[in-house]
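There are 2 protein chains.
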Amino acid sequence: MATKQSGKVGRPRGFDADEALDRAMRVFWEHGYEGASLSCLTEAMGISTTSMYSAFGNKEELFRKVLERYTAGPGAYLNRALDEPTAREVAAAILDGAIRATTCPTNPAGCLGVQSALSVGDSGREVRDLLADWRNNGCSRVHERFRQAVDTGDLPAGTDPGLLARYVTTLVFGISVQAASGATRDELQEMADAAMRSWPIH
Amino acid sequence: MATKQSGKVGRPRGFDADEALDRAMRVFWEHGYEGASLSCLTEAMGISTTSMYSAFGNKEELFRKVLERYTAGPGAYLNRALDEPTAREVAAAILDGAIRATTCPTNPAGCLGVQSALSVGDSGREVRDLLADWRNNGCSRVHERFRQAVDTGDLPAGTDPGLLARYVTTLVFGISVQAASGATRDELQEMADAAMRSWPIH
DNA sequence: GCACTTCCGCATCGATCGATACAAAATAGG
DNA sequence: CCTATTTTGTATCGATCGATGCGGAAGTGC
């Protein structure tokens, strides 16, 4: 269960767990899993360490819930994109969504799922693997969507859906790094538009 | 001056500074700047903290020297690629070199310049910015090379060299993340080959 | 009001962080 | 041999890390 429900009896929680999770997400997003210290997190969340541990378990579980929130929030563009009617629109929507999510002026630059734990110390191994799985799962879902597009004739017969999925997700990961390096939304969008003019690669 | 020269007088250094730097590079490469603790570094380097500080200054300066070494070693493919005669060969060599460097079986997966400090805590801000500059510098050099290719007619007139540079470096960064996520050399190479079949995007 | 449950503020835990002090050890020049 | 210079080993520094104990505060149902 997420964010242990405050029971009916006893002193009610003095903070909004949803908003606290949102604040924590931005801290992890900006500083990474290991770079976000408990003091930094709790200060941003506006609660004490005791409240954080009581509500979310520990730092790693807090991050897992943050990742869920990120997937359903800033990362939700993937789900929407996969529902586009054609593979071309799927790819364009993924690139467009990634660019918007990684260059949103009101959020940290880059992608939480990419930059939060790419390389870590001993304390971050599990989160690193969790995020690797998260990224690979995204790639797999795109793969599956493109396979379907090949089956229906939307993509030319003989097209390798795995290769296309790898291509799109590689661009997405690269866009995330570019955004974290200071690239602007406009220049990334121009590049994505150009890439889509050569879609699908073969 | 790098790795303060051991003077002629006094007790001689009991370790090979070059090899120690190489060991440190692998530790930073695998665990990132903040994730690589002093104890982890010195253990891998085979020296004491005292020797490390005496020879390299501090952790940040050690990393700067490691980055120089990385640029001249595993990252040297960029220089070689920029010397290729045509823009197409430059791009192909960059992608090929990046894939080889990030999936070398005897080295950590991924790119040190990408994953060592994408997002960091307070102690890693300067290194994060250093690496962002390093990445942007790489993009700029590719940009310059493609501009030259446009000038000489190697690339079609009207081609945007900045867009192409952004495209290639985005693929490189994405490849680095893919490699860090477990992607194999073969599947990345297939994708790069396919991308090059649509070169140049426009 | 009373018993009960939950939450929160404060203090603090052991471990580890990056970094340093100090003196013994090892070389070169005299 | 003696002194000057540099390196090395040990021990440790203050700060911060993630995490917890405890008691009082704040709410519930009866």
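Note that the protein sequences, when read in sequence, are chains E and B.
Residues are numbered in our numbering as their position in the first sequence, beginning at 1, plus a constant of 1.
Residues are numbered in our numbering as their position in the second sequence, beginning at 1, plus a constant of 1.
Glycine included, C-beta positions come from ideal geometry on N, C-alpha and C.
task = Could you pull the start and end residues of the alpha helix (DSSP H) that residue 95 of chain B belongs to?
result = One-based indexing of the second sequence puts residue 95 of chain B at position 94. That run of the alpha helix (DSSP H) goes 88-103.
task = Check whether the segment 106-118 of chain E touches the segment 173-186 of chain E, taking contact to mean three or more Cβ pairs, one atom from each stretch, closer than 8 Å.
result = yes
Backbone secondary structure at residue 60 of chain B - three-state DSSP = Residue numbering aside, residue 60 of chain B sits at position 59 when the second sequence is read from its first letter. Note: residue 60 of chain B maps to helix in three-state DSSP.
key: residue 9 of chain B, buried or exposed, once every other Cβ within 10 Å from all chains shown has been counted against 16   = The residue you call residue 9 of chain B lines up with position 8 of the second sequence. With fewer than 16 other Cβ atoms within 10 Å, it is exposed.
query = Straight-line CA distance for residue 26 of chain E to residue 71 of chain E?
reply = Counted from its first residue, the first sequence places residue 26 of chain E at position 25. Counted from its first residue, the first sequence places residue 71 of chain E at position 70. Their Cα atoms are separated by approximately 7 Å.
inquiry  = Quick check: is the beta carbon of residue 116 of chain E nearer than 7 Å to any beta carbon in chain B?
reply    = Counted from its first residue, the first sequence places residue 116 of chain E at position 115. It does; some Cβ of chain B falls within 7 Å.
inquiry  = Since residue 125 of chain E and residue 133 of chain E should fall inside the 8 Å C-beta cutoff, what is the C-beta to C-beta distance between them, to a whole number of angstroms?
reply    = Translated into positions along the first sequence, residue 125 of chain E becomes position 124. Translated into positions along the first sequence, residue 133 of chain E becomes position 132. Actually they do not touch by this definition, with Cβ atoms about 12 Å apart.
inquiry  = Against residue 168 of chain B, what residues of chain E qualify as contacts under a CB-to-CB distance less than 8 Å, listed in chain order?
reply    = Taking the second sequence and counting its residues from 1, one reaches residue 168 of chain B at position 167. The answer, in chain order, is 192, 195 and 196.
query = Given that a residue counts as buried once 16 or more other Cβ atoms are within 10 Å of its Cβ, and exposed if not, what is residue 187 of chain E?
reply = As a working mapping, residue 187 of chain E is identified with position 186 in the first sequence. Burial call: exposed.
task = Find the nearest neighbour of residue 131 of chain B within the set B:32, B:193, B:68 and B:79, judged by alpha-carbon distance.
result = Within the second sequence, numbered from 1, the residue matching residue 131 of chain B stands at position 130. Considering only alpha carbons, the answer is B:68.
key: Cβ neighbour criterion (16 or more within 10 Å) applied to residue 39 of chain E   = What you label residue 39 of chain E is simply residue 38 of the first sequence in a count that begins at 1. Exposed, by the Cβ-count rule.
request  = Scan the segment 115-136 of chain B for residues whose Cβ lies nearer than 7 Å to a Cβ of chain E and list them as they occur along the chain.
outcome  = 115, 116, 117, 119, 120, 121, 122, 125, 133 and 136
ask   = Do residue 99 of chain E and residue 48 of chain E have their C-beta atoms closer together than 7 Å?
value = Position 98 of the first sequence, counting from 1, holds the residue named residue 99 of chain E. Position 47 of the first sequence, counting from 1, holds the residue named residue 48 of chain E. In this structure, residue 48 of chain E does not lie closer than 7 Å to residue 99 of chain E by Cβ.
message = Given this structure, state the Cα-to-Cα distance separating residue 170 of chain E from residue 193 of chain E, to the nearest angstrom.
response = Locating residue 170 of chain E in the first sequence gives position 169, where the first residue counts as 1. Locating residue 193 of chain E in the first sequence gives position 192, where the first residue counts as 1. Rounded to the nearest angstrom, the two C-alpha atoms are 12 Å apart.
request  = Using a Cβ-Cβ cut-off of less than 9 Å, list which residues of the segment 157-189 of chain B approach chain E; keep chain order.
outcome  = 161, 163, 164, 165, 167, 168, 170, 171, 172, 173, 174, 175, 176, 177, 178, 179, 181, 182, 183, 184, 188 and 189
task = Assuming residue 32 of chain B and residue 128 of chain E form a contact by the criterion Cβ under 8 Å, report the distance between their Cβ atoms to the nearest whole angstrom.
result = Along the second sequence, one-based indexing puts residue 32 of chain B at 31. Along the first sequence, one-based indexing puts residue 128 of chain E at 127. The pair is not a contact, with the Cβ atoms about 13 Å apart (cut-off 8 Å).
inquiry  = For the pair the segment 40-59 of chain B and the segment 141-149 of chain B, tell me if three or more CB-CB distances fall below 8 Å.
reply    = no
key: Of the residues B:41, B:155 and B:196, the one placed nearest residue 172 of chain B, counting alpha carbons only   = Working through the second sequence from its first residue, we reach residue 172 of chain B at position 171. Residue 172 of chain B has its Cα closest to that of B:196, out of B:41, B:155 and B:196.
Residue range of the unbroken alpha helix (DSSP H) whose run includes residue 198 of chain E = Position 197 of the first sequence, counting from 1, holds the residue named residue 198 of chain E. Unbroken alpha helix (DSSP H) run through residue 198 of chain E: 186-198.
message = When you measure from the CB of residue 143 of chain E to every non-hydrogen atom of the ligand GTP, does any distance come out below 6 Å?
response = Although the ligand GTP was asked about, the structure shown includes no ligands whatsoever.
key: Where the alpha helix (DSSP H) containing residue 108 of chain E begins and where it ends   = For the purposes of this step, residue 108 of chain E is identified with residue 107 of the first sequence, where counting begins at 1. Counting along the chain, residue 108 of chain E falls outside any alpha helix (DSSP H), and DSSP gives it neither H nor E.
ask   = Comparing alpha-carbon positions, which option in E:104, E:60 and E:41 lies nearest residue 76 of chain E?
value = Against the first sequence, residue 76 of chain E aligns to sequence position 75. For the residues E:104, E:60 and E:41, the minimum Cα distance to residue 76 of chain E belongs to E:104.
Status (buried if at least 16 other CB within 10 Å, exposed otherwise) for residue 17 of chain E = Numbered from 1 along the first sequence, position 16 holds the residue referred to as residue 17 of chain E. So residue 17 of chain E counts as exposed.
ask   = Shorter than 7 Å from the beta carbon of residue 202 of chain E to some beta carbon of chain B?
value = The count along the first sequence starts at 1 and reaches residue 202 of chain E at position 201. Chain B, which has a Cβ nearer than 7 Å to the Cβ of residue 202 of chain E, makes this yes.
inquiry  = Helix, strand or coil for residue 176 of chain E? Go by DSSP, reduced to three states.
reply    = Taking the first sequence and counting its residues from 1, the one referred to as residue 176 of chain E is at position 175. In this structure, residue 176 of chain E counts as helix in the three-state DSSP scheme.
query = residue 93 of chain E: buried (16+ other C-beta within 10 angstroms of its C-beta) or exposed?
reply = Here residue 93 of chain E corresponds to residue number 92 of the first sequence, with the count starting at 1. Buried, by the Cβ-count rule.
ask   = So what's residue 51 of chain B in DSSP terms, helix, strand or just coil?
value = As a first step, residue 51 of chain B must be located in the second sequence, where it is residue number 50. In this structure, residue 51 of chain B counts as helix in the three-state DSSP scheme.
key: Enclosing alpha helix (DSSP H) for residue 27 of chain B [first to last residue]   = One-based indexing of the second sequence puts residue 27 of chain B at position 26. Residues 18-32.
ask   = Quick one: which chain E residues come within Cβ less than 9 Å of residue 58 of chain B?
value = Walking along the second sequence from the start, residue 58 of chain B turns up at place 57. None at all; the shortest Cβ gap to chain E is about 22 Å.
query = residue 35 of chain B versus chain E: which residues are under 7 Å apart at the beta carbon?
reply = Counting from one through the second sequence, the residue named residue 35 of chain B turns up at place 34. Result: 35 and 36.
ask   = Can you tell me whether DSSP reads residue 5 of chain B as helix, strand or coil?
value = Your numbering for residue 5 of chain B matches position 4 in the second sequence. With a pLDDT of only 44 at residue 5 of chain B, under 50, the local geometry of the prediction cannot be trusted, and the value read off the model is given with reservation. If DSSP states are grouped into helix, strand and coil, residue 5 of chain B belongs with coil.
Pairwise C-alpha distance: residue 167 of chain B and residue 140 of chain B = Taking the second sequence and counting its residues from 1, one reaches residue 140 of chain B at position 139. Taking the second sequence and counting its residues from 1, one reaches residue 167 of chain B at position 166. Each residue's Cα considered, the two are about 7 Å apart.
key: Per-residue contacts from residue 111 of chain B into chain E (C-beta, under 9 Å)   = Within the second sequence, residue 111 of chain B is the residue found at index 110, counting from 1. Those are 119 and 120, listed as they occur along chain E.
message = In whole angstroms, give me the CA-to-CA distance for residue 136 of chain B and residue 198 of chain B.
response = Here residue 136 of chain B refers to the residue found at position 135 when the second sequence is read from its first residue. Here residue 198 of chain B refers to the residue found at position 197 when the second sequence is read from its first residue. If I take the Cα positions, the gap works out to 25 Å.
task = Using a Cβ cut-off of 7 Å, pull out every chain B residue sitting near residue 31 of chain E, in sequence order please.
result = Residue numbering aside, residue 31 of chain E sits at position 30 when the first sequence is read from its first letter. In chain order: 120.
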